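Protein chains in written order, with my numbering: chain A, 1060 to 1384; chain B, 1060 to 1384.
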């Protein structure tokens, strides 16, 4: 009998998606960051994200506030990735009966803080006993602005792949944590990622931005989803990837390769988007004037091949697949 | 340090609710079956329900289709309990890598079938690896009909506590399962509960129905929430509780007390509501003409005391508290 490990996370999702009926009120279903659905006169965005002890976090290396923050940020970022506004959050929490109340209150404070930063409020959820590990699932309900949203589909050959901010910092923060190294800025990036809510909505309103995704599983893998969405290929130019100064320093100090972190490190929740080449310069200029954050063209979509290449070569490893390890 | 077991599920929820900011667009937040929120011109209902292996189900005694059905039905019933229409479902699934694909497809079929019966579609979710146990969390997004909804709050002294259908069948089904007894109708009630979607919407539109809840944790406990909602008391008349014929037979055969199942058995997903005494007879008559299902007055709300009594006595045991065992 074949198992979910045999087909991987994305194989499983593709397979299950075929079993699901659709509805004319569902504009985007399984397969994107959020589902996009009609609700009265509103085009709503709905999404959920699991955050599991031993898989996504460890109690030994994170405060409950950080765990709550990160669980919420991961889910809220899915709304940012579609260019929408998060509004309401549901939190499901299962924990052993001997979990300290103070720990759960810490989780709740982290969840609340992350939701508040996104302009959302926690409105409900569920609690249950779990035999051993802590289980968090965060569902977010948001809405589109003016009915517009950006999907993983939509990139066109010749479009520029552009990325907000700096990638690889969260993965380097995890490396520092696991090796007992110093690196406060990287640790902060790992523990308190800052999704790009306003940036996502700004990019969504901009003509010539064709597709968008948040980088949760690593640049190569997530940018790959943008290419896949239209059966395209992509070439990432590693020379264009600008390392954050703290990542540069950390890698120099410990003899590590910053590029690997930038290409495959997940959980930064930066945005990657496809921008038409004729509006690219103007978009970058206007973005950087508005946000004081970099928007950097790091690759190009092509119909000459399928899949992601880095400097013309197929990369060895992608990003994170839940069932692959 | 105090643990969640010390304060119980409801104590924990009350405590966390105090930490949460509110918003003028949140009509009902933490503490009811669903949250009720504004989304554009729509009054939306949102809710989620955890369904965990070893806590809510066992793979040894349920098919994957039944597990999926029940996980979805529990979540969808929360929308029924507010008198709303479920529209969209998100499913979060964590499972070990060696879980068979056929098992996950079975789960998906059960989830899809339950959603379809409710008039809803699965639009997304999340998957992750879990170290050992299967974790399901089902979030449901629904809408109110004409902006109306019923809460746990709203009962008035003198109101009749009325219950749809028959309670106690699911708990007796679990008893049969655990003891290897026969009882196909009870087993079916346990494995494939049928939430009262149309009945909930009908009751919600009816003048004089003041409050409603679904019976997920047992009649005494859930009806208790209706009383608590207004700081009232309630007296349940056990003589008015009509046992389902299959429950009656099962209890006779095995020397069990049907009343215990009816008072404390959970997971039937029948509806309990508070009905003004002057419209009670007409409501019951019209309900039974419409649905071919019983609506039975089994108790009365009072301001003479607080909490639930059964035949004037305080009952020994309530229903299910996740952290109490």
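Note that beta-carbon positions come from the ideal geometry of N, C-alpha and C, so glycine has one too. This one's a predicted model, so the numbers in the text were calculated from it and none came from an experiment.
Asked, Found
"Classification of residue 1173/B by the beta-carbon crowding that lies within 10 angstroms, buried from 16 upward", "buried"
"Residue 1282/A, enclosing beta strand (DSSP E) - first and last residue", "That residue, residue 1282/A, is in no beta strand (DSSP E); its alpha helix (DSSP H) goes 1278-1288."
"C-beta neighbour in chain B for residue 1064/A, strict 8 Å", "yes"
"Residues in the stretch 1101-1128 of chain B having any Cβ partner in chain A nearer than 7 Å", "1101, 1103, 1105, 1106, 1107, 1108, 1109, 1111, 1113 and 1114"
"Assigned exposure category for residue 1228/A - 16 Cβ within 10 Å defines buried", "buried"
"Near-chain D residues of the stretch 1196-1222 of chain B - C-beta to any C-beta below 7 Å", "Of the protein chains in this structure, namely A and B, none is chain D."
"Unbroken alpha helix (DSSP H) run spanning residue 1065/B, endpoints", "1063-1076"
"Residue burial classification, residue 1321/A (beta-carbon count within 10 angstroms, cutoff 16)", "buried"
"6 Å Cβ shell around residue 1232/B - same chain, five flanking residues per side excluded", "1245, 1246, 1248 and 1249"
"Interface flag, residue 1283/B vs chain A, CB-CB below 8 Å", "no"
"Contacting residues, own chain, Cβ-Cβ under 8 Å from residue 1384/A (five flanking each side not counted)", "Bear in mind that the predicted position of residue 1384/A carries a pLDDT of just 45, short of 50, making it unreliable; the figure below should be weighed with that in mind. Closer than 8 Å at Cβ, skipping near neighbours: no residue."
"Min CB distance residue 1271/A to chain B below 8 Å", "no"
"Where residue 1168/A meets chain B, residues with beta-carbon distance less than 7 Å", "1078"
"Terminal residues of the alpha helix (DSSP H) in which residue 1339/A lies", "1336-1350"
"DSSP three-state assignment for residue 1182/A, whether helix, strand or coil", "strand"
"Beta carbon of residue 1329/B nearer than 8 Å to that of residue 1214/B", "no"
"Exposure label - residue 1068/B; buried when at least 16 CB within 10 Å", "buried"
"Cα-Cα separation between residue 1358/A and residue 1284/B, rounded to whole angstroms", "57 Å"
"Residues of its chain near residue 1286/B, where Cβ-Cβ distance is below 8 Å and the 5 sequence neighbours each way are ignored", "1214, 1292, 1293, 1360, 1365, 1366 and 1367"
"Start and end residues, alpha helix (DSSP H) containing residue 1162/A", "1160-1177"
"CB contact check: residue 1147/B to chain A, cutoff 8 Å", "yes"
"Residue 1170/A and residue 1222/A closer than 8 Å at C-beta", "no"
"Status (buried if at least 16 other CB within 10 Å, exposed otherwise) for residue 1087/A", "buried"
"Neighbourhood of residue 1217/A by C-beta distance below 6 Å, restricted to the same chain and skipping five residues each side", "1336"
"Residue 1374/A versus residue 1300/A - alpha carbon distance", "15 Å"
"Identified DSSP bridge partners for residue 1390/B", "The question about residue 1390/B has no answer, for chain B in this structure spans 1060 to 1384."
"Paired residues, beta bridge with residue 1149/B - DSSP", "1183/B and 1198/B"
"Residue-level contact to chain A via CB, residue 1185/B, 8 Å cutoff", "yes"
"Residue 1276/A classed as buried or exposed, judged by whether at least 16 other C-beta atoms fall within 10 angstroms", "buried"
"Cross-strand partners of residue 1320/A (DSSP beta bridge)", "Its beta-bridge partners do not exist; DSSP assigns none."
"Residue from 1356/A, 1164/A, 1327/A and 1176/A whose Cα sits closest to the Cα of residue 1268/A", "1356/A"
"Classification of residue 1370/A by the beta-carbon crowding that lies within 10 angstroms, buried from 16 upward", "exposed"
"Bridge partners - residue 1354/B, DSSP secondary structure assignment", "1223/B"
"Contacts around residue 1125/B, its chain only, beta-carbon distance under 7 Å, and the 5 residues preceding and following it disregarded", "1169, 1250 and 1251"
"Against chain A: residues of the stretch 1335-1366 of chain B by CB proximity under 9 Å", "none"
"Where residue 1160/B meets chain A, residues with beta-carbon distance less than 8 Å", "1060, 1061, 1062, 1063, 1065, 1066, 1071 and 1074"
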